[in-house]
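Undergrad: Shown below is the structure under consideration.
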Amino acid sequence: MTREAALTATLQDIRANAAAFATDWAGERRERAEKDTFWNEFFQIFGISRRRVGAVFEYVARRYSTGNHGFVDLLWPRHIGVEHKSAGLDLDEAMDQLVDYLPSVSDLDLPRLLVVCDFEHFVVRDTETGSETRFSLEELPARVEMFAFLAGHTRSTVFEAEEEANLRATALLATIHDELLTFRYPAHDTRVLLVRLLYCLFADDTGVWAHRLFEDFIDVKTAEDGSDLGLRINQLFELLDTNEHSRLANLDATLVEFPYVNGSLFSERLRSWSGNTAIRRALLDACGFEWSRISPVIFGSLFQNVMTAPERRSLGAHFTSERDIMRVIRPLFLDELEADLQRARTASVGRMNRLREFHDKLASLTFLDPAAGVGNFLLLTFRELRRLELETLLALRDADPRWHPTAQVTDIETMIKVTPGQFFGIEIEEFPARIGETAMHLVDHIANVAVGAAFGRYFVRLPIGATATIAVGNAMTMDWGSVLSPERCSYILGNPPFIGISLRTTTQTAELQTVWGRGYHGTLDYVSGWYRKAVDYGVEHDVPIALVSTNSITQGEQVAPLWDYVLAAGYKIAFAHKTFAWQSEARGAAQVHVVVIGIAKQPRTHTLFEYATVAGEPVSRTVANINPYLVEVETGPVHGRTAPLAPELPPVAYGNKPTDDGNLLIEPDAIAAFLADPIAAKYVRRYIGARELIHNEDRWCLWLTDLEPGDLRRSPLLTARVEAVETFRSNSRAAATREYGRPTLFRQLSQPTTRYLGIPIHVSEDREYFPSGYFDPEVIASNANFIAPDPQGVAFAVISSSMFITWQRVVGGRLESRLRFNKLLTWNTFPLPALTATQRSDLIAAGQDVLAARAQYPNTSLARLYERHGIPTPLLDAHRRLDRVVDKLIAGRARTTTDADRLRALFSRYRELTSAGQLSQPSTSARRSRSRAAS
Numbered sequence: 001m002t003r004e005a006a007l008t009a010t011l012q013d014i015r016a017n018a019a020a021f022a023t024d025w026a027g028e029r030r031e032r033a034e035k036d037t038f039w040n041e042f043f044q045i046f047g048i049s050r051r052r053v054g055a056v057f058e059y060v061a062r063r064y065s066t067g068n069h070g071f072v073d074l075l076w077p078r079h080i081g082v083e084h085k086s087a088g089l090d091l092d093e094a095m096d097q098l099v100d101y102l103p104s105v106s107d108l109d110l111p112r113l114l115v116v117c118d119f120e121h122f123v124v125r126d127t128e129t130g131s132e133t134r135f136s137l138e139e140l141p142a143r144v145e146m147f148a149f150l151a152g153h154t155r156s157t158v159f160e161a162e163e164e165a166n167l168r169a170t171a172l173l174a175t176i177h178d179e180l181l182t183f184r185y186p187a188h189d190t191r192v193l194l195v196r197l198l199y200c201l202f203a204d205d206t207g208v209w210a211h212r213l214f215e216d217f218i219d220v221k222t223a224e225d226g227s228d229l230g231l232r233i234n235q236l237f238e239l240l241d242t243n244e245h246s247r248l249a250n251l252d253a254t255l256v257e258f259p260y261v262n263g264s265l266f267s268e269r270l271r272s273w274s275g276n277t278a279i280r281r282a283l284l285d286a287c288g289f290e291w292s293r294i295s296p297v298i299f300g301s302l303f304q305n306v307m308t309a310p311e312r313r314s315l316g317a318h319f320t321s322e323r324d325i326m327r328v329i330r331p332l333f334l335d336e337l338e339a340d341l342q343r344a345r346t347a348s349v350g351r352m353n354r355l356r357e358f359h360d361k362l363a364s365l366t367f368l369d370p371a372a373g374v375g376n377f378l379l380l381t382f383r384e385l386r387r388l389e390l391e392t393l394l395a396l397r398d399a400d401p402r403w404h405p406t407a408q409v410t411d412i413e414t415m416i417k418v419t420p421g422q423f424f425g426i427e428i429e430e431f432p433a434r435i436g437e438t439a440m441h442l443v444d445h446i447a448n449v450a451v452g453a454a455f456g457r458y459f460v461r462l463p464i465g466a467t468a469t470i471a472v473g474n475a476m477t478m479d480w481g482s483v484l485s486p487e488r489c490s491y492i493l494g495n496p497p498f499i500g501i502s503l504r505t506t507t508q509t510a511e512l513q514t515v516w517g518r519g520y521h522g523t524l525d526y527v528s529g530w531y532r533k534a535v536d537y538g539v540e541h542d543v544p545i546a547l548v549s550t551n552s553i554t555q556g557e558q559v560a561p562l563w564d565y566v567l568a569a570g571y572k573i574a575f576a577h578k579t580f581a582w583q584s585e586a587r588g589a590a591q592v593h594v595v596v597i598g599i600a601k602q603p604r605t606h607t608l609f610e611y612a613t614v615a616g617e618p619v620s621r622t623v624a625n626i627n628p629y630l631v632e633v634e635t636g637p638v639h640g641r642t643a644p645l646a647p648e649l650p651p652v653a654y655g656n657k658p659t660d661d662g663n664l665l666i667e668p669d670a671i672a673a674f675l676a677d678p679i680a681a682k683y684v685r686r687y688i689g690a691r692e693l694i695h696n697e698d699r700w701c702l703w704l705t706d707l708e709p710g711d712l713r714r715s716p717l718l719t720a721r722v723e724a725v726e727t728f729r730s731n732s733r734a735a736a737t738r739e740y741g742r743p744t745l746f747r748q749l750s751q752p753t754t755r756y757l758g759i760p761i762h763v764s765e766d767r768e769y770f771p772s773g774y775f776d777p778e779v780i781a782s783n784a785n786f787i788a789p790d791p792q793g794v795a796f797a798v799i800s801s802s803m804f805i806t807w808q809r810v811v812g813g814r815l816e817s818r819l820r821f822n823k824l825l826t827w828n829t830f831p832l833p834a835l836t837a838t839q840r841s842d843l844i845a846a847g848q849d850v851l852a853a854r855a856q857y858p859n860t861s862l863a864r865l866y867e868r869h870g871i872p873t874p875l876l877d878a879h880r881r882l883d884r885v886v887d888k889l890i891a892g893r894a895r896t897t898t899d900a901d902r903l904r905a906l907f908s909r910y911r912e913l914t915s916a917g918q919l920s921q922p923s924t925s926a927r928r929s930r931s932r933a934a935s
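With full-length UniProt numbering, the residue at position 65 of the sequence shown is 65, and numbering never jumps.
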């Protein structure tokens, strides 16, 4: 492949090259003997000639640390620098050595990527982003994107040619679809027809039958005006579903060349239809496209978008990238399978038997995706299993001294054991399900061609045998065992729909209530139903499960009801990708922040994947445990408490709730009239909600707790407002409100009689610190705030720390994306240990420093003071000093620099206090009130 060809290579091509490279170099260990060949062939993965681009071996350089001369093993200026070692040597030392050479390389020639390698393992450091990635030779096909810029691509255009191919293919089918709509052809028949056309178009270009056979049939055997197009196509479909022995003897010669396909793909009879010139032209245009350029793994999702105009407007915006699917299947099973294969093919004793056993294992695995969509997860899993099968067959061939290059096609067909019949799914809509099943045949054919090429014989699996099963139904209401019995299931995987409580329909809520039964909690996301059903399905047979979910299931109130059940069933978190942006490869696609969580009954290891940024690459760590908040501390969910765990923290309470239809509140345009009324003016008070607290805005209310006799009668303004409150409450549907007989008062009263700390219920997620402030008792706190007595400032110091907002972000709930302060779940569980007199004094003093720094900006609101990246230096310095105090109290050290470190410390301290018996389980009343008190 030339460099120019590399620029239009598909992801499939490049990964196939990488897979072949990984297979060829498996087991090599000698640095000097094979290093140069290794890197020459590495460049060829991307169609690059090392010599032509100016990459040189043994680049002379000087060690910065010693001044001695040495050599960079390979340097392509501005692109890549390589240090290569023999297998088993320390790669971290090799990276240090490579970095030590860089000062002697001119600034213009400094490479973007630094790579150290020992044939079996790679460490890659990107000098532009600072990220470092480690992976094995076997993982190279999944990691090629990081090297794609070597062939002239940027990250956004790495596989632009493939994306363009898929979008162009979809547009061609969309044109056919639109023409069918003008005929009022039935929707179901239209969908079946398009799926079949997809298969025929793909078969035309990939060797399923003679090249362009279908195109010739349309071009030669149908009338130019398209009048007989539907009739002829239906005739062809019937033929493709008829075996050769049952066909008519007088068939047209063109039709005779079409093979028997089977697989139920063409079994359903469609309504007849007459075409026209436009639809015939559209179909011929589609035939002229090179369908071998598309990726069946992602094309199904694009194809689904042709069905509705709104989806068409964002064509390609909703399919899932291969990269993100690999983040599910690699830790769930693929990494382990690749390791098993490597051990089998490098075994010194019994290699043939171990390879055969591994091959049988591949053929025995079954997969269930209960939210299959167009089958992307199943398709990619099937492709990867077929790749491993091919590597196994090649290893068996190489290990068998009796093998010779005259093996027959029948031998190849017998050798292939992995089939689409190992894959099962559930999808609520028929059309995506049929697309997924058809795409499995396309992936199967591509894999068969690869096997045939490897063994020197062309092979097509026709008629179709075993097929994937994607059942059409509602996964929330149907029995998964009717699709695949749990004792036969090896893995559950998928990407269930993301529907939060505010977006659920009444039907979906009812479904969720049925699934959870008595365990239902109103805060549960719709995706929790898949977790519950997956656990119930797999628990008796130890079926591992990996699902993509919004990160809300690892935060806030729904953690306890969901994860209490999962953990009680005996499942543990085996691996987890912390929050990252779930992306589409298509342009303009929206990002959703998600987590991937894999659970198993007896996980061998626990692996945590962390991201420096949500759009970055993960760094994996093996940890001892992973808790439901995706922190490597062995704790279960945090349950709400009715009183603070920490003896130093005061209780917090809701502010005053008026329940007045706004009549006890004074609008800005009415305040002048109330202040001008000498009677009413006595009862006007400043009124503080969350917005007023954060933005320093004025708002006013009527506070009539000390209403003097006769004042109401003497003030028409007061009389009108109180009467309006009385009318509103008397018409309330709530009996308690109707029976509350005091229209002069707020419905719920909690106003302190001394200076108090006001805590806003909702705070922007962008705040680096949680804002709060002090108010005199004459300032009335609304129920949009919590209030707390804090005479010495302990509560203010705690809530103003990084430790607290870190706890709040993970343990507390959210409204949309905003943080929601929750007294039961966040404040009352904050694991502040008992303080010595000195610790208490230091904490209070650090909080006072923050207040003093704020006082330097008396006319600036908290919103402005705490703008992201805009905190004034004196205030930020005061917070950093406070952080050192609180960090030391929680973590035992004053320098805790990351949120991840703080979370580990917080959960460790929480576990310590819990196991010490200082934290009792919440009462029934606390459980009932949890959703009411969340804010």
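Glycine is no exception: its CB is placed at the ideal position from the N, C-alpha and C atoms.
Check this for me: beta carbons of L843 and A797, under 7 Å apart or not?
TA: For the purposes of this step, residue 843 is taken as residue 843 along the sequence shown, with counting starting at 1. For the purposes of this step, residue 797 is taken as residue 797 along the sequence shown, with counting starting at 1. For L843 and A797, yes; Cβs fall inside 7 Å.
Undergrad: Could you tell me which uninterrupted beta strand (DSSP E) segments, each at least 3 residues in length, are contained entirely in the region 38-66, listed from first to last along the chain?
TA: Counting only runs of 3 or more, we get 56-62.
Undergrad: Measuring straight from C-alpha to C-alpha, what distance separates M440 and L201?
TA: Taking the first residue of the sequence shown as position 1, residue 440 is located at position 440. Taking the first residue of the sequence shown as position 1, residue 201 is located at position 201. Going from the Cα of M440 to the Cα of L201 covers about 15 Å.
Undergrad: Beta-carbon within less than 7 Å of S931's beta-carbon, same chain only, minus the 5 sequence neighbours each way: which residues are those?
TA: What you label residue 931 is simply residue 931 of the sequence shown in a count that begins at 1. Below a pLDDT of 50, predicted positions are generally treated as unreliable, and S931, at 35, falls in that range; the measurement from the model is reported next regardless. The residues are G522, T523 and E557.
Undergrad: Would you kindly work out how many angstroms separate the C-alpha atoms of R51 and V124, rounded to a whole number?
TA: Residue 51 sits at position 51 when you count from the first residue of the sequence shown. Residue 124 sits at position 124 when you count from the first residue of the sequence shown. Near 22 Å, if we compare the C-alpha coordinates of V124 and R51.
Undergrad: With a threshold of 6 Å, establish whether the CB of P777 neighbours any heavy atom of the ligand PLP.
TA: In the structure on display, the ligand PLP does not appear, and there are no ligands present to speak of.
Undergrad: Helix, strand or coil: which one does DSSP assign to V548?
TA: Here residue 548 refers to the residue found at position 548 of the sequence shown. Three-state DSSP puts V548 in a strand.
Undergrad: Can you check whether the CB of T514 is closer than 7 Å to the CB of L630?
TA: Here residue 630 corresponds to residue number 630 of the sequence shown, with the count starting at 1. Here residue 514 corresponds to residue number 514 of the sequence shown, with the count starting at 1. Going by C-beta atoms, L630 is not nearer than 7 Å to T514.
Undergrad: To the nearest angstrom, report how far apart R15 and V144 are at their CA atoms.
TA: In the sequence shown, counting from the first residue as 1, residue 15 sits at position 15. In the sequence shown, counting from the first residue as 1, residue 144 sits at position 144. Each residue's Cα considered, the two are about 7 Å apart.
Undergrad: Is there contact here, the region 593-607 with the region 857-868, by at least three beta-carbon pairs under 8 Å?
TA: No, the region 593-607 does not touch the region 857-868.
Undergrad: In angstroms, rounded to a whole number, what distance separates the CA positions of residue 942 and G456?
TA: Residue 942 cannot be examined here, being either before or after the span of the chain that is shown, 1 to 935.
Undergrad: Enumerated in chain order, which unbroken segments of the alpha helix (DSSP H) with a length of 4 residues or greater are wholly contained in the region 757-806?
TA: Those alpha helix (DSSP H) runs which fall completely within the region 757-806 and span 4+ residues are 794-799.
Undergrad: With a CB to CB cut of under 7 Å and the five nearest residues on each side skipped, what residues in its chain are close to A19?
TA: Numbered from its first residue, the sequence shown carries residue 19 at position 19. Excluding positions up to five away in sequence, the list reads P141 and R387.
Undergrad: Just to confirm before moving on: does the CB-CB distance between F38 and L150 stay below 7 Å?
TA: Counting from one through the sequence shown, the residue named residue 38 turns up at place 38. Counting from one through the sequence shown, the residue named residue 150 turns up at place 150. In this structure, L150 does not lie closer than 7 Å to F38 by Cβ.
Undergrad: Tell me the rounded alpha-carbon separation between Y185 and G275.
TA: As a first step, residue 185 must be located in the sequence shown, where it is residue number 185. As a first step, residue 275 must be located in the sequence shown, where it is residue number 275. Rounded to the nearest angstrom, the two C-alpha atoms are 11 Å apart.
Undergrad: Given a cut-off of 7 Å on the beta-carbon distance, is the pair R694 and P771 in contact?
TA: The sequence position of residue 694 within the sequence shown is 694, counting from 1. The sequence position of residue 771 within the sequence shown is 771, counting from 1. In the sequence as displayed, the identity of residue 694 is Ile instead of Arg. Closer than 7 Å, so yes.
Undergrad: Taking 7 Å as the threshold (C-beta atoms), are D525 and A637 in contact?
TA: For the purposes of this step, residue 637 is taken as residue 637 along the sequence shown, with counting starting at 1. For the purposes of this step, residue 525 is taken as residue 525 along the sequence shown, with counting starting at 1. The sequence shown places Pro at residue 637, not Ala. No, the Cβ-Cβ distance between P637 and D525 is not below 7 Å.
Undergrad: So what does DSSP say about L114, is it helix, strand or coil?
TA: Position 114 of the sequence shown holds residue 114. The answer is strand: DSSP assigns L114 an E or B state.
Undergrad: What's the gap between the Cα of R383 and the Cα of L240?
TA: For the purposes of this step, residue 383 is taken as residue 383 along the sequence shown, with counting starting at 1. For the purposes of this step, residue 240 is taken as residue 240 along the sequence shown, with counting starting at 1. Cα to Cα, R383 sits roughly 25 Å from L240.
Undergrad: Determine the burial state of H211: buried for a count of at least 16 other Cβ atoms within 10 Å of its Cβ, exposed for fewer.
TA: As a position in the sequence shown, residue 211 is number 211, starting the count at 1. By the 10 Å Cβ count, H211 comes out exposed.
Undergrad: Are there 16 or more other CB atoms within 10 angstroms of the CB of E128, so buried, or fewer, so exposed?
TA: Position 128 of the sequence shown, counted from the first residue, corresponds to residue 128. Result: exposed.
Undergrad: Leaving aside the five residues before and after F214 along the sequence, list all residues of the same chain whose C-beta is less than 6 Å from its C-beta, in chain order.
TA: As a first step, residue 214 is located in the sequence shown; it is residue number 214 there, counting from the start. These residues qualify, in order along the chain: C200 and D204.
Undergrad: Can you check which of these residues, F119, W530 and I233, is closest to Q508 by C-alpha distance?
TA: Position 508 of the sequence shown, counted from the start, is the residue given in the question as residue 508. Here the closest residue by C-alpha is W530.
Undergrad: So, is R738 buried or exposed, given that buried needs 16 or more other C-beta atoms within 10 angstroms?
TA: Counting from one through the sequence shown, the residue named residue 738 turns up at place 738. Exposed: under 16 other Cβ atoms inside 10 Å.
Undergrad: For Y683, count neighbouring Cβ atoms within 10 angstroms of its own Cβ and tell me buried if that reaches 16, exposed if not.
TA: Walking along the sequence shown from the start, residue 683 turns up at place 683. Burial call: buried.
Undergrad: Taking the C-alpha atoms as reference points, what is the distance between G436 and V99?
TA: The residue you call residue 436 lines up with position 436 of the sequence shown. The residue you call residue 99 lines up with position 99 of the sequence shown. So the two alpha carbons sit approximately 48 Å from each other.
Undergrad: Please state if the CB of I599 and the CB of I573 are separated by a distance shorter than 7 Å.
TA: Position 573 of the sequence shown holds residue 573. Position 599 of the sequence shown holds residue 599. Contact: yes.
Undergrad: Identify which residue in H762, D216, E723 and L337 has its Cα closest to the Cα of A286.
TA: As a first step, residue 286 is located in the sequence shown; it is residue number 286 there, counting from the start. Closest option to A286, Cα to Cα, is D216.
Undergrad: Considering only the beta carbon of each residue, do V765 and L819 sit closer than 7 Å?
TA: As a working note, residue 765 is residue 765 in the sequence shown. As a working note, residue 819 is residue 819 in the sequence shown. Contrary to the premise, residue 765 reads as Glu rather than Val in this sequence. Yes, these two residues count as a Cβ contact at 7 Å.
Undergrad: Per DSSP, N262 forms a beta bridge with which residues?
TA: As a first step, residue 262 must be located in the sequence shown, where it is residue number 262. Paired residue(s): I464.
Undergrad: Between A653, I446, D677 and G373, which lies nearest to F459 when the distance is taken from Cα to Cα?
TA: If you number the sequence shown from 1, residue 459 lands on position 459. Of A653, I446, D677 and G373, the residue nearest in Cα terms is I446.
Undergrad: Taking 8 Å as the threshold, find out whether the region 669-687 comes into contact with the region 775-789 through three or more Cβ pairs.
TA: Contact holds: three or more Cβ-Cβ distances are below 8 Å.
Undergrad: For the structure I just gave you, are there three or more beta carbon pairs, one from the region 672-682 and one from the region 714-724, closer than 8 Å?
TA: Touching, yes.
Undergrad: Is the CB-CB distance between R714 and I679 below 7 Å?
TA: Taking the first residue of the sequence shown as 1, we reach residue 714 at position 714. Taking the first residue of the sequence shown as 1, we reach residue 679 at position 679. Their beta carbons are under 7 Å apart, which means R714 touches I679 by this criterion.
Undergrad: So what's C489 in DSSP terms, helix, strand or just coil?
TA: For the purposes of this step, residue 489 is taken as residue 489 along the sequence shown, with counting starting at 1. It is coil, neither helix nor strand.
Undergrad: At the level of alpha carbons, what is the spacing between T838 and E632?
TA: Numbered from 1 along the sequence shown, position 838 holds the residue referred to as residue 838. Numbered from 1 along the sequence shown, position 632 holds the residue referred to as residue 632. T838 and E632: Cα-Cα distance of roughly 31 Å.
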